[in-house]
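Peer 1: Per my numbering, the very first residue in the sequence shown carries number 1042; after that it's consecutive. Glycine residues also receive a C-beta, built at the ideal position from the N, C-alpha and C atoms. Below is a structure I'd like to ask you about.
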Amino acid sequence: MGESPKKNTDLMCIFSILFLFVIVIFTAGCTSNVTNNQYPAQSDNATPAYTQAYGVTTTPEWLRDQNIETAKTIVEEYHKTHTYSLPDMFVCAQMSQDVWDMVETRGINATIEVGSVDQNISSIQEADHAWVLAEVSPGEWIAVETTAGYLVCADPGICAVDNPRYYTGWSFNTPKALQDYLNNPPCSAGYVLGSDNLCHQSCGGSAYCTGNSVCVNGQCRGCNSGYVFGQDLQCHPACGGNNTYCTGNSSCVNGECNG
């Protein structure tokens, strides 16, 4: 006997519903996979070209290396045609200005440094040398010795010379700023220019006192926190503000001297 038309129709409806259900499930699964894997995880061997944090990126390593090589080439080529024969501050200052201009022209930020690479100094008046610092990546600087034609840093793979004094001194952002200083020393007699680029009264030659210390017989004298250096050249407990302290038999009560 043949099956009735109604039974055939019911079977077709059931198969159609099952087919649609399978299609929906499969489609949903593909959509979910695409959404969750838009940015596939790096393999364990992958090395990112640069580090990104909160939308701020550092210089890619290849560009950093390129900047270092550019600075190295500039100073080496410059040294071939310029001889440093006079141990004179103005001569090395001029050479540093020349190299600064070449480095900046290649799109690398740079400053001119003034100081001493042979000994520690405390004032710019003691400076006897000038060189260039090139920013090869944000916050990373490399010293360029303009009178000898080489780079100076702690990495022997990059620099043949390592001298941390090249990373201390007084910075000038442009050759004009350096020339203005050389032509017009900023401090009058009896004062020295400090590391903060401000004039301080000298204390024993080129030294000067910092903080709450005062100069006594060519030496800086000071007291620990909470004490004031008095006119008797002794340390006294502070009482109130403005470097006040109590004398004689008086004592400090609620920030005031009583007695």
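Please state the DSSP three-state secondary structure of Leu-1223.
Peer 2: Reduced to three states, the DSSP call for Leu-1223 is helix.
Peer 1: Only counting the same chain, and skipping five residues up and downstream in sequence, which positions put a Cβ closer than 7 angstroms to that of Val-1158?
Peer 2: The residues are His-1170, Asn-1204, Arg-1206 and Tyr-1207.
Peer 1: Identify whether Ala-1195 lies in helix, strand or coil by the three-state DSSP scheme.
Peer 2: Ala-1195 falls in the coil class under three-state DSSP.
Peer 1: What span of residues does the alpha helix (DSSP H) with Tyr-1119 cover, start to end?
Peer 2: It spans 1102-1122 - the alpha helix (DSSP H) in which Tyr-1119 sits, taken as one unbroken run.
Peer 1: Could you tell me the distance, in whole angstroms, from the CA atom of Asn-1299 to the CA atom of Gly-1289?
Peer 2: The straight-line gap from Cα to Cα measures roughly 10 angstroms.
Peer 1: Kindly list the residues whose CB is nearer than 6 angstroms to the CB of Asn-1108, restricted to its own chain and excluding five residues on each side of it in sequence; keep chain order.
Peer 2: Once the five neighbours on either side are set aside, the close Cβ partners of Asn-1108 are Ile-1149 and Val-1177.
Peer 1: To the nearest angstrom, report how far apart Tyr-1125 and Val-1116 are at their CA atoms.
Peer 2: Cα to Cα, the separation comes out at about 13 angstroms.
Peer 1: When you compare each of Ser-1291, Pro-1227 and Gly-1296 to Asn-1007 by their alpha carbons, which one comes out closest?
Peer 2: Summary: the structure shown does not reach residue 1007, with the chain confined to residues 1042 through 1300, and so no result is reported for it.
Peer 1: Taking three-plus beta-carbon pairs below 8 angstroms as touching, is the stretch 1151-1168 in contact with the stretch 1214-1225?
Peer 2: At 8 angstroms Cβ cutoff, the stretches touch.
Peer 1: In terms of residues, what are the limits of the beta strand (DSSP E) holding Glu-1181?
Peer 2: From DSSP, the beta strand (DSSP E) with Glu-1181 extends over 1181-1186.
Peer 1: Return the chain-ordered list of same chain residues with a C-beta closer than 6 angstroms to the C-beta of Cys-1228, the five sequence neighbours on each side being excluded.
Peer 2: Same-chain partners within the cutoff: Leu-1234 and Cys-1240.
Peer 1: Go ahead and label Gly-1210 buried or exposed: buried means 16 or more other beta carbons lie within 10 angstroms of its beta carbon, across all protein chains shown.
Peer 2: By the 10 Å Cβ count, Gly-1210 comes out buried.
Peer 1: Would you tell me roughly how many angstroms separate the C-alpha atoms of Val-1255 and Val-1269, rounded to the nearest one?
Peer 2: Each residue's alpha carbon lies about 11 angstroms from the other.
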